[in-house]
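Note that our numbering gives residue 137 to position 105 of the sequence shown, counting from 1, and the numbers run on in steps of one.
Structure record follows, encoded as structure tokens.
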Amino acid sequence: MTEYVTVTADAPMGRTGAIKLHGRDAFDGMLAAGQLAAETLDMVVPHMVPGMATAELDDMIRRFIVDRGGIPATLGYRGYTHSSCISTNHVVCHGIPSEKTLKSGDIVNVDVTPIFDGWHGDSSRMYLVGDVPIKAKRLVDVTYECLMIGIEQAKPGNHLGDIGHAIQRHAEKHRYGVVRDFCGHGLGRLFHDAPEVVHAGRAGTGPELKPGMIFTIEPMINTGRADVKLLDDGWTAVTRDRSLSAQFEHSIGITEDGCEIFTLSPGGFDRPPY
Numbered sequence: 033m034t035e036y037v038t039v040t041a042d043a044p045m046g047r048t049g050a051i052k053l054h055g056r057d058a059f060d061g062m063l064a065a066g067q068l069a070a071e072t073l074d075m076v077v078p079h080m081v082p083g084m085a086t087a088e089l090d091d092m093i094r095r096f097i098v099d100r101g102g103i104p105a106t107l108g109y110r111g112y113t114h115s116s117c118i119s120t121n122h123v124v125c126h127g128i129p130s131e132k133t134l135k136s137g138d139i140v141n142v143d144v145t146p147i148f149d150g151w152h153g154d155s156s157r158m159y160l161v162g163d164v165p166i167k168a169k170r171l172v173d174v175t176y177e178c179l180m181i182g183i184e185q186a187k188p189g190n191h192l193g194d195i196g197h198a199i200q201r202h203a204e205k206h207r208y209g210v211v212r213d214f215c216g217h218g219l220g221r222l223f224h225d226a227p228e229v230v231h232a233g234r235a236g237t238g239p240e241l242k243p244g245m246i247f248t249i250e251p252m253i254n255t256g257r258a259d260v261k262l263l264d265d266g267w268t269a270v271t272r273d274r275s276l277s278a279q280f281e282h283s284i285g286i287t288e289d290g291c292e293i294f295t296l297s298p299g300g301f302d303r304p305p306y
């Protein structure tokens with residue numbers, strides 16, 4: 033049976049497995065953190081060009097977040113030494129920034145989580161570099177549609193399975209694979225918390241959505257099979273069949289009549305082309 037706990041000012045912030053229900057102050061904090069994440073992803077738009085090293089992008093991201101009073105949550109997280117994850121083409125998630133440069137035709141996901149005033153704003157977005165093939169553009173479009181279709185199901189009285197089911201149905205209609213090895217998650221003053229938000233499933237199953245819940249929805253969609261493998265670096269996940277993969281992510285909070293998206297782009301850059 034799912035356990036819920038109402039978060040109070042003096043409540044411990046540890047992971048207990050219970051789903052936290054937050055008040056308006058938490059939503060305000062998440063909006064501020066989420067907007068910093070969105071502004072960071074807006075900032076990199078003009079730099080997504082052939083010849084740009086992903087390590088240079090990561091340096092820009094770190095400076096941007098820190099200059100605005102934030103802290104990159106990934107920097108030092110479980111030994112990770114970068115301020116973002118940058119995943120290209122067949123990399124599903126957690127791509128490590130490096131001196132490798134972008135080339136025309138690449139599709140790129142940038143995932144950032146700034147901590148601002150103690151709150152985590154978690155978001156990722158796809159970018160198109162140069163002349164991108166139609167097949168890759170279509171994957172990016174459908175993945176964004178999957179995210180927003182999932183968000184449409186994020187309202188009180190629905191269940192987490194409704195979100196996963198809607199995403200899976202839309203992706204598989206286009207003959208794409210939905211990654212199950214990684215999922216969305218609860219968020220707030222903790223980087224990762226309950227519940228797990230799987231992007232596939234049966235409608236009407238899983239924990240009920242209640243006002244005050246805060247979590248991410250971040251579908252990873254492949255042009256081929258859903259299977260992934262982890263590289264020897266312990267972070268980078270790639271498609272087993274080397275097919276292209278795309279991902280979008282928003283942080284949201286369940287309200288009395290729907291949900292609030294904390295990570296919308298202030299520049300209108302929520303999906304490419306930008």
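Just so you know, even glycine gets a beta-carbon here, dropped at the ideal spot from N, CA and C.
Terminal residues of the alpha helix (DSSP H) in which residue i lies
i, result
"Asp225", "Where Asp225 is concerned, there is no enclosing alpha helix (DSSP H), although the beta strand (DSSP E) it sits in stretches over Asp225 to Val229."
"Leu192", "Leu192 to Lys205"
"Val174", "Ile166 to Glu184"
"Ala87", "Thr86 to Asp99"
Short Cβ contact (8 Å threshold) for residue i with residue j
i, j, result
"Leu73", "Gly244", "no"
"Ile93", "Asp265", "no"
"Gly182", "Met62", "no"
"Ala70", "Leu296", "yes"
"Pro188", "Glu281", "no"
"Arg212", "Ala168", "no"
"Met19", "Ala278", "Since the first residue shown for the chain is 33 and the last is 306, residue 19 is missing from the structure and cannot be characterised."
"Ala41", "Phe148", "no"
"Cys215", "His197", "no"
"Val124", "Thr271", "yes"
Coarse secondary structure for residue i, derived from DSSP in three states
i, result
"Ala65", "helix"
"Met252", "strand"
"Val81", "coil"
"Thr133", "strand"
Residue burial classification, residue i (beta-carbon count within 10 angstroms, cutoff 16)
i, result
"Asp60", "exposed"
"His79", "exposed"
"Ile166", "exposed"
"Tyr176", "buried"
"Gly162", "exposed"
"Gly150", "exposed"
"Ser136", "exposed"
"Gly31", "This structure gives no information on residue 31, because the portion of the chain shown stretches from 33 to 306."
"Met33", "exposed"
"Val76", "buried"
"Met131", "The question names Met, but residue 131 is Glu in the sequence shown. Result: exposed."
"Gly252", "Note on residue identity: the sequence assigns Met, not Gly, to residue 252. That one is buried."
Residues that DSSP places opposite residue i in a beta bridge
i, result
"Arg157", "Val142"
"Tyr109", "According to DSSP, Tyr109 bridges with nothing at all."
"Pro104", "Pro146"
"His217", "Glu228"
"Ser119", "Asn141"
"His152", "Ile147"
"Tyr36", "Ile51"
"Glu240", "His191"
Residue i: first and last residue of the uninterrupted beta strand (DSSP E) it sits in
i, result
"Ile284", "His282 to Ile286"
"Lys261", "Val260 to Leu262"
"Glu292", "Cys291 to Ile293"
"Ala278", "Ser277 to Gln279"
"Thr268", "Where Thr268 is concerned, there is no enclosing beta strand (DSSP E), given that its DSSP letter is neither H nor E."
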